[in-house]
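**Q**
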Amino acid sequence: MKLFIDTANIDQIREMAWLIDGVTTNPTLVSRENRPFKEVVREICGIVNGPVSAEVTAMDAPGMIAQARDLAKIHDNVVIKIPMTADGMQAVKTLAAEGIRTNVTLVFSANQALLAAKCGASFVSPFVGRIDDAGGDGMDVVADIVDIYANYGFTTEIIVASVRHPHHVLEAALLGADIATVPYAVLQKLFNHPLTDVGIDRFLKDWEKVPK
Ligand code: E4P
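Numbering-wise (this note's numbering), the sequence shown opens with residue -13 and increments by one.
1) What residue range is occupied by the uninterrupted alpha helix (DSSP H) comprising K(-12)?
2) Cβ-heavy atom distance between R213 and the ligand E4P below 7 Å?
3) Got a sec? Which residues, its chain only, sit under 8 Å from A159 by beta carbon, not counting five neighbours each side?
4) For G8 and K195, I'd like the C-alpha separation in whole angstroms.
5) Can you confirm whether the stretch 26 to 34 touches the stretch 89 to 106 when touching is taken to mean that 3 or more C-beta pairs between the two stretches lie within less than 8 Å?
6) For A166, verify whether its CB is less than 7 Å away from any heavy atom of the ligand E4P.
7) So, with DSSP's three-state summary, where would you put G8?
8) Which residue's Cα is closest to the Cα of T80: H179, V114, M50?
9) Who does N89 pair with in a DSSP beta bridge?
10) If you measure from the CB of R116, is any heavy atom of the ligand E4P nearer than 7 Å?
11) For the beta strand (DSSP E) containing S39, list its first residue and its last residue.
12) Can you tell me whether H154 is buried or exposed, with buried defined as 16 or more other CB within 10 angstroms of its CB?
13) Cα separation between L173 and P48?
14) Suppose you measure from the CA of V163 to the CA of P197; what does that come to, to the nearest Å?
15) Comparing the CB of A(-6) with every heavy atom of the ligand E4P, is any distance shorter than 7 Å?
16) Residues in its own chain within less than 8 Å of A102 by CB, not counting five upstream and five downstream?
17) For a test of your reading of the model: does the CB of L176 fall under 7 Å from any non-hydrogen atom of the ligand E4P? Yes or no.
18) Could you check if T71 belongs to the surroundings of the ligand E4P, using beta carbon to heavy atom distance under 7 Å?
19) Using a threshold of 8 Å, state whether the C-beta atoms of V168 and L5 are closer than that.
20) Can you tell me the Cα-Cα spacing of A120 and F113, whole angstroms?
21) Give the straight-line distance between the Cα atoms of S108 and A129, rounded to the nearest whole angstrom.
22) Determine the direct distance from the alpha carbon of D123 to that of R116, and round the result to whole angstroms.
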């Protein structure tokens, strides 16, 4: 499973660049950086050699397509994030025909993911954390998407998004999702286990007793 980082923060991306396979951003994440959007996307593309999702903010298909073409010029690794709406899916179809990769975002049901794949999306992002927050089961949605894509041989890659904790990453991997996009703080937690700390501590203490 590939690991993306879900942030627009350059320091976090630089620190984790050795590990990650790509980056996802969204307007909320970009707004925290207080810098021009395209400048941030360009800088990220210079750090990470993998897909970098940049989101459109137009809500009509022609507007989305125009923004997407503009963003795609920044770097070959830019993937255009398009919201799951009827206009969004029209834009995805047009952009796919032009060879511009898209990541369909704000996906909360397997039917939405089916439509995204049918329209030629390169990636689809089910938001598991937000589904859980609303009383659903985000991983059930991911499991259905995995089955549906396998049934029909869709090549759209599934990005498990809105990840809140390490268990989401584990479940994504068990279900065979292609990618999990993970916030910096959750990425840090993936390295940790209390018994690892205890074990290191004991080994180092015992090592002091070894004659040198
Ligand atoms: C995905 O691409 C989104 O940027 C992100 O995962 C949204 O997560 P949130 O629900 O924590 O805002």
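Glycine residues also receive a C-beta, built at the ideal position from the N, C-alpha and C atoms.
**A** On the basis of the supplied data:
1) Per DSSP, K(-12) belongs to no alpha helix (DSSP H); it is in the beta strand (DSSP E), -12 to -8.
2) Since the displayed the chain opens at -13 and closes at 198, residue 213 lies outside it and no answer follows.
3) M(-13), A166
4) 45 Å
5) no
6) no
7) strand
8) M50
9) K67, F109
10) yes
11) 38 to 41
12) buried
13) 37 Å
14) Note on residue identity: the sequence assigns Ala, not Val, to residue 163. Cα to Cα, A163 sits roughly 50 Å from P197.
15) no
16) M70, M75, V78, V90, V93, V110, T142
17) no
18) no
19) no
20) 11 Å
21) 18 Å
22) 9 Å
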